[in-house]
Amino acid sequence: MTALVIAEHDHGTLKSATLNTVTAAAALGGDVHVLVAGHNAAAAAAAAAQIAGVAKVLHADSAALAEGLAENVAAQVIALASGYSHILFPATAAGKNVAPRVAALLDVAQLSDITKVISADTFERPIYAGNAIATVQSGDATKVVTVRTTGFDPAAATGGSAAVETVAASADSGRSSFVGREVTKSDRPELTAAKIIVSGGRALGSNEKFMEVLTPLADKLGAALGASRAAVDAGYAPNDWQVGQTGKIVAPQLYVACGISGAIQHLAGMKDSKVIVAINKDAEAPIFSVADYGLEADLFTAVPELVNAL
Ligand code: FAD
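Plus 50 on top of the position in the sequence shown (first one is 1) and you've got the working numbering.
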């Protein structure tokens, strides 16, 4: 039994989601291999070889893999799939783009968003926005799995010494082509990797207020900024800051929710945070039911006071 983890990387470095996915793969009990599919991604392959518990790294290098086009990455995975009992992806935007294609091409059912490995064929996954946990069992010969990264600790990034094997790269599928990319530039940590998140809700009232009130707190704490869907829909915060069922799933050391009511769809994205601080002027707000520290206060006075105290 050998599991293949599909690495998420930017060619030069590995994304941390890969480490959580390796932990899930290791819990299956067999060998763990990692596929680094990219272009000029030898540095990422070398980093994958350092991960504790990884037995082998497969490195596929081709210009067709440079932009992570889902069709091409899926074809690359399919070319290698026959040697594996499990193929695991992080349940990130990139992983969720490729995994269903691989499952469909193998004609197996995908196991989505697992949070626990019970045995090699049985897994736990949250359903109903995290309000219930389903135990799912698969009889498929190859299990295609996406891993909720917040459910698994990251594997140690160093300590391993796996061999890196170059594998033949698949040809360009020709089904899609890369046109361009607009990347948000930010000095802040990436939301899903941040240790601290300051998040704002509808209560902020405008984009200007959102930035004016929350940025100083995020700066003091070295935090990423997040938002509720209501704040995003109202244009107070960009779409990729959304935390929740239809946004990003996060589990930082500290999550500070400012003017967020705590709807179940928001809680689904942040309730596994280690310490939750909520600032809300409504004592009955559901966010207080998951908060470790709750401050019943007007955020427009409490947040600046907190910044001054810090
Ligand atoms: P509100 O619910 O309006 O809460 C605002 C809060 O601010 C209130 O609790 C209020 O007491 C407090 N407040 C007001 N003024 C102040 C002040 N001056 N100081 C302090 N507190 C103040 N939501 C998400 O966040 N993420 C998702 O991914 C998501 N996915 C969804 C998917 C589906 C299918 C559906 C149906 C909904 C989804 N939602 C999601 C929406 C969710 O149901 C809520 O509508 C949303 O989370 C509410 O955002 P909010 O807490 O900012 O706003």
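By construction, the Cβ of each residue, glycine as well, lies at the ideal position given by its N, Cα and C atoms.
At a threshold of 6 Å, R279 counts as near ligand 1, since its beta carbon sits closer than that to one of the ligand's heavy atoms.
By the Cβ-count criterion, V195 is buried, with 16 or more other Cβ atoms from all chains shown falling within 10 Å of its own Cβ.
Between A114 and W291, the alpha-carbon positions lie close to 30 Å from each other.
Residue pairing for S169: DSSP places it in a beta bridge opposite T172. Here the distance from the Cβ of T351 to the nearest heavy atom of ligand 1 is not below 6 Å. Put simply, the backbone Cα of E215 is about 28 Å away from that of V167. Going by C-alpha positions, A341 is about 49 Å away from G224. Contact annotation: A110 and A87 have beta-carbon atoms nearer than 7 Å.
The Cβ-Cβ distance between I246 and F139 does not fall below 7 Å. Residue environment: N122 is assigned as buried (16 or more neighbouring CB atoms within 10 Å of its CB, all protein chains considered). A heavy atom of ligand 1 is found nearer than 6 Å to the CB of K331.
Rounded to whole angstroms, the gap between the alpha carbons of K235 and E117 is 18 Å. Judged by the Cβ position, G309 qualifies as a neighbour of ligand 1 at the 6 Å threshold, a heavy atom of the ligand being closer than this. Of the heavy atoms belonging to ligand 1, at least one sits nearer than 6 Å to the Cβ of R252. Residue state for H316 is assigned as helix, using DSSP reduced to three classes. Per DSSP, reduced to three states, the secondary structure at E58 is coil, with no helix or strand assignment.
Rounded to whole angstroms, the Cβ separation of T52 and D81 is 4 Å, and the two are in contact under 8 Å.
Of G276, K331, G344, V233, the smallest CA-CA separation from H316 is found for G276.
Restricting attention to S220, P239, G250, the CA atom closest to the CA of G294 is found in G250. Between A253 and G344, the CB-CB gap reaches or exceeds 7 Å. Residue pairing by DSSP places G88 opposite D111 in a beta bridge. Less than 7 Å divides the Cβ of T242 from the Cβ of K298. Proximity of the beta carbon of A301 to ligand 1 is not indicated: no heavy atom of the ligand is located closer than 6 Å. Under the three-state reduction of DSSP output, G250 falls in the strand class.
Per DSSP, the continuous alpha helix (DSSP H) segment holding K270 begins and ends at 257–271. Taking the C-beta atoms as reference points, A102 is found nearer than 7 Å to A206. Distances between the C-beta of H316 and the heavy atoms of ligand 1 include at least one below 6 Å. Restricting attention to E334, V357, T296, the CA atom closest to the CA of E346 is found in E334. Here the C-alpha atom of V325 lies approximately 28 Å from the C-alpha atom of K146.
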